[in-house]
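Residue numbers (the numbering used here), protein chains in the order written: chain A, 1 to 212; chain B, 213 to 432; chain C, 433 to 711.
The C-beta atom is built at its ideal place from N, Cα and C for all residues, glycine as well.
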């Protein structure tokens with residue numbers, strides 16, 4: 001990294017620390033001037049998060065244009081990707097999302113594709129659970145029984161077979177799942193606090209990789 | 213919805229679901245279309261939001277909102293080698309703010325809130341309620357002990373993380389069941405369109421193609 | 433048939449069986465029973481008991497990926513809220529939210545029949561308003577909680593000062609409650625709204641996110657929730673406004689039963705193989 005990049009990096013670390021500690025301390029302060037300023041900075045940040053997507057689209061465009069020019073793997077689908085990105089982008093930016101063409105593309109093409117993508121997983125869930133969901137040990141037995149009873153509880157029609165499926169499935173979720181997930185949540189929260197402190201003290205710098 | 217919309221819905225759906233038969237070019241086209249459109253959607257909506265939140269007060273004279281276009285310029289300069297490093301400045305602002313908010317939230321909501329909830333009175337109105345509260349408390353402690361890797365628990369204390377692992381397994385079982393339900397729900401929405409509209413002709417066409425392909429593979 | 437063949441069944445046959453099972457209700461609706469669960473009942477009771485004139489915020493952060501789950505919940509709740517005398521403020525924290533909010537009003541493949549607020553005697557700007565999309569997840573939750581006027585105009589370009597309803601909603605301190613329909617960032621919503629302002633939170637969650645919420649409901653940080661399509665169907669039944677979710681429940685029922693049967697079948701095959709001395 002050049003010294004210019006290093007100085008930008010150091011300034012960025014300082015910005016992270018100042019902004020970060022300001023917002024941590026703002027939590028404890030009830031003063032309209034400070035809270036309003038925090039509101040303005042967070043408003044600016046939400047806007048930046050809206051414009052940040054330029055980087056993603058630009059990167060994607062650059063990668064797929066290179067692929068098309070080299071006629072690399074899947075270069076024809078790359079054309080589809082670029083057209084499906086830039087045509088709606090131009091329409092949406094020029095005429096807003098309420099434009100009938102944009103709305104048509106969304107509801108007739110994107111929405112069913114998206115649903116199909118997520119729906120296809122149910123086929124793979126069936127295949128995977130048939131082959132791998134076996135009671136090989138106590139752990140896998142507990143996992144299997146919990147899954148079966150909750151699934152039977154989630155299908156209200158099973159009340160015809162036994163009315164206890166729903167209460168039992170609910171109990172597993174309310175008690176066993178809650179206990180397990182609570183412990184995991186607390187553990188994750190402790191981890192995120194440690195990481196946050198590392199970022200706010202400037203020890204964690206991976207978000208400022210400053211690639212060449 | 214009209215005929216063409218329904219046919220398009222059928223084509224898009226079956227292009228994706230054709231993957232479960234085998235990898236094919238239609239799936240790849242649909243996948244690439246989805247990725248491209250999703251990216252455009254986020255940009256369009258992002259810019260519309262920026263227009264409302266930043267440009268309106270800027271036009272009304274609040275010059276601090278000039279920071280939005282100024283700090284957005286480095287995102288464009290990211291694509292040029294010499295100016296790439298400048299993107300770190302808006303990133304630093306976003307990370308600093310996000311980290312601080314995350315820190316505040318994690319301590320209050322996830323650590324304090326959950327610990328206080330766990331340490332509340334275990335004696336509830338009913339015997340079953342009391343049993344459940346005791347079980348949740350025991351399960352939470354055991355699960356937390358499972359993630360304590362600093363030192364192995366000696367002797368009979370080994371059973372504590374073991375019990376924690378069983379609670380995690382039960383939790384994962386419930387999560388698996390709910391995930392299955394969610395994915396079936398996704399499928400159900402599109403199935404209604406496939407079966408109840410003109411898209412059914414696309415199913416018929418797909419079935420014929422699969423039948424021909426299966427017969428061809430068998431005769432090879 | 434030997435269990436060797438059954439255990440090593442080509443997965444395409446499994447997919448075919450599932451496809452047939454979930455298609456049966458499309459051909460002949462079975463009308464299998466839907467029994468409202470505790471969480472749905474609690475959600476319904478909470479919303480039914482909203483005080484007149486209170487500000488209720490709907491966080492419509494649905495995405496197409498969780499379409500039928502969250503959109504059907506959103507429509508069921510929307511219909512109920514429009515029939516009550518509350519001030520409804522709708523906002524989105526997902527990029528697809530605006531498209532799906534519009535779809536809720538105009539009807540679509542994942543929202544069912546159109547919902548016309550005029551049928552409930554509601555006037556835009558006085559009884560309900562849609563503020564549009566605010567990017568940024570947790571940053572946006574924080575900013576919106578501090579200042580609900582941060583968008584300056586609603587989704588359709590009307591200045592907020594011209595909308596009488598917004599006089600009652602300046603910050604999260606004015607909210608009576610908020611209900612979020614989101615696939616993620618639930619803890620962040622709890623942190624920024626419930627922990628800071630003490631606002632009661634309700635959630636509409638997809639099935640995959642539900643396990644995380646039970647511990648928050650147990651501690652009282654979340655009032656209640658609707659879970660996936662089943663929650664929407666149960667809510668439609670309780671509110672008496674049957675919609676798309678109820679029509680899709682048969683698919684869910686048969687699909688889950690099919691998967692459970694195959695899991696049991698697979699395990700029976702496994703035990704038989706083990707007894708024979710196989711792996």
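### Query
Can you tell me where the alpha helix (DSSP H) with residue 557 of chain C in it begins and where it stops?
Careful: residue 557 of chain C lies outside any alpha helix (DSSP H) and carries neither H nor E.
Quick check on residue 507 of chain C: buried or exposed, where buried means 16 or more other Cβ atoms within 10 Å of its Cβ? By the 10 Å Cβ count, residue 507 of chain C comes out buried.
TODO: Identify the continuous alpha helix (DSSP H) that holds residue 441 of chain C and give its terminal residues.
DONE: Looking at the DSSP string, residue 441 of chain C is not in any alpha helix (DSSP H), and its letter there is neither H nor E.
When you compare the CB positions of residue 694 of chain C and residue 446 of chain C, do they come within less than 8 Å of one another, or not?
Closer than 8 Å, so yes.
Please give the ranges of any alpha helix (DSSP H) in the stretch 98 to 123 of chain A, keeping only runs that are unbroken, at least 4 residues long and fully inside the region. Fully enclosed alpha helix (DSSP H) runs of 4 or longer: 100 to 105.
- [ ] Using a Cβ cut-off of 8 Å, pull out every chain C residue sitting near residue 181 of chain A, in sequence order please.
- [x] Here the neighbours are 643, 644, 646 and 647.
TODO: Just confirm the distance between the C-beta atoms of residue 48 of chain A and residue 302 of chain B, as a whole number of angstroms; I'd bet it's less than 8 Å.
DONE: Going by Cβ atoms, the distance from residue 48 of chain A to residue 302 of chain B rounds to 5 Å, so yes, they are a contact pair.
task: Determine the extent of the alpha helix (DSSP H) in which residue 634 of chain C is found, giving its start and end residues.
output: Annotation for residue 634 of chain C: no alpha helix (DSSP H) segment contains it, though the beta strand (DSSP E) segment containing it runs 633 to 637.
**Prompt:** So, is the C-beta of residue 199 of chain B closer than 8 Å to a C-beta in chain C?
**Reply:** Missing from the structure shown is residue 199 of chain B; chain B here goes from 213 to 432 and no further.
*Cβ distance (whole Å) where residue 252 of chain B is taken to contact residue 89 of chain A below 8 Å*: Their Cβ separation, rounded to whole angstroms, is 4 Å, which keeps residue 252 of chain B and residue 89 of chain A in contact under 8 Å.
**C-alpha distance - residue 410 of chain B paired with residue 224 of chain B, whole-angstrom precision** = Looking at the two C-alpha atoms, the distance is approximately 14 Å.
Residues near residue 674 of chain C by beta carbon distance below 7 Å, same chain, minus five either side: Excluding positions up to five away in sequence, the list reads 668.
Worksheet entry | Distance between residue 485 of chain C and residue 13 of chain A (C-alpha atoms, nearest Å) | Approximately 48 Å, taken between the alpha carbons.
Collapsed DSSP secondary structure at residue 246 of chain B in the structure displayed: Residue 246 of chain B falls in the helix class under three-state DSSP.
From this set, B/390, B/246, B/388 and B/396, which residue's C-alpha is nearest residue 114 of chain A's C-alpha? Per the Cα distances, B/246.
Notebook entry, point to check: Taking DSSP as the reference, what is the three-state secondary structure of residue 212 of chain A?
Noted result: Note that residue 212 of chain A scores a pLDDT of 37, beneath 50, so its modelled location is shaky and nothing firm can be said.
Report task. Could you tell me which uninterrupted alpha helix (DSSP H) segments, each at least 4 residues in length, are contained entirely in the stretch 459 to 512 of chain C, listed from first to last along the chain? Result -> Those alpha helix (DSSP H) runs which fall completely within the stretch 459 to 512 of chain C and span 4+ residues are 470 to 480.
Proximity to residue 455 of chain C [Cα-Cα], best of C/672, C/563 and C/679:
Its Cα nearest to that of residue 455 of chain C, the residue C/679 stands out among C/672, C/563 and C/679.
**Item:** Residues within the stretch 532 to 548 of chain C neighbouring chain B, beta-carbon criterion of under 7 Å
**Value:** So the list reads 541 and 542, given in the order they occur along the chain.
Quick one: give me the first and last residue of the beta strand (DSSP E) that residue 598 of chain C is part of.
Run containing residue 598 of chain C: none; DSSP gives neither H nor E here.
Exercise for review: Would you check if the distance between the CB atom of residue 609 of chain C and the CB atom of residue 577 of chain C is smaller than 8 Å?
Suggested key: Taking 8 Å as the Cβ cut-off, residue 609 of chain C and residue 577 of chain C do not qualify as a contacting pair.
**Prompt:** Helix, strand or coil: which one does DSSP assign to residue 669 of chain C?
**Reply:** In this structure, residue 669 of chain C counts as helix in the three-state DSSP scheme.
Three or more C-beta pairs under 8 Å: does that hold for the stretch 650 to 665 of chain C against the stretch 512 to 525 of chain C? In short, these stretches do not touch, since the Cβ pair count stays below three.
I need the DSSP call for residue 659 of chain C, collapsed to helix, strand or coil.
Note: residue 659 of chain C maps to strand in three-state DSSP.
Of all Cβ atoms in chain B, is any one closer than 8 Å to the Cβ of residue 201 of chain A? Taking Cβ atoms only, chain B never reaches closer than 8 Å to residue 201 of chain A, which makes this a no.
Exercise. When you compare only the Cα positions, how much space is there between residue 672 of chain C and residue 515 of chain C?
Worked result: About 12 Å.
For a cutoff of 8 Å on Cβ pairs, would you count residue 418 of chain B as touching chain A? Not closer than 8 Å to any Cβ of chain A, the Cβ of residue 418 of chain B fails to qualify, so no.
| Presumed contact (8 Å Cβ cut-off) between residue 92 of chain A and residue 356 of chain B, rounded CB distance | Actually they are not in contact, since the Cβ atoms of residue 92 of chain A and residue 356 of chain B sit about 47 Å apart, beyond 8 Å.
Buried/exposed call for residue 408 of chain B, threshold 16 Cβ in 10 Å:
By the 10 Å Cβ count, residue 408 of chain B comes out exposed.
Would you please state the rounded distance, in angstroms, between the beta carbons of residue 685 of chain C and residue 155 of chain A? I believe it to be under 8 Å.
Contact flag correct, Cβ pair sits at about 5 Å.
- [ ] Work out the CA separation of residue 523 of chain C and residue 503 of chain C for me, nearest whole Å.
- [x] Computed Cα separation, rounded: 14 Å.
Quiz prompt | Within 8 Å of chain C by C-beta, residues of the stretch 147 to 162 of chain A in sequence order | solution = Correct list: 147, 148, 151, 152, 154, 155, 156, 157, 158, 159 and 160.
Item to check | Range covered by the beta strand (DSSP E) that runs through residue 520 of chain C | outcome: Going by DSSP, residue 520 of chain C is part of the beta strand (DSSP E) stretching over 519 to 524.
* To do: For residue 3 of chain A, collect the residues of the same chain with a Cβ closer than 6 Å to its Cβ; drop the 5 residues on either side in sequence, then sort them by chain order.
  => Listed in chain order, the non-local C-beta contacts of residue 3 of chain A below 6 Å within the same chain number zero, local neighbours out to five positions each way being set aside.
If I measure Cβ to Cβ from residue 330 of chain B and keep anything under 6 Å in the same chain, skipping five residues before and after, which residues do I get? For residue 330 of chain B, where only same-chain residues beyond five positions count, the Cβ hits under 6 Å are 349 and 352.
Quick check on the burial criterion: 16 or more other C-beta atoms within 10 angstroms. Buried or exposed for residue 59 of chain A? So residue 59 of chain A ends up on the exposed side.
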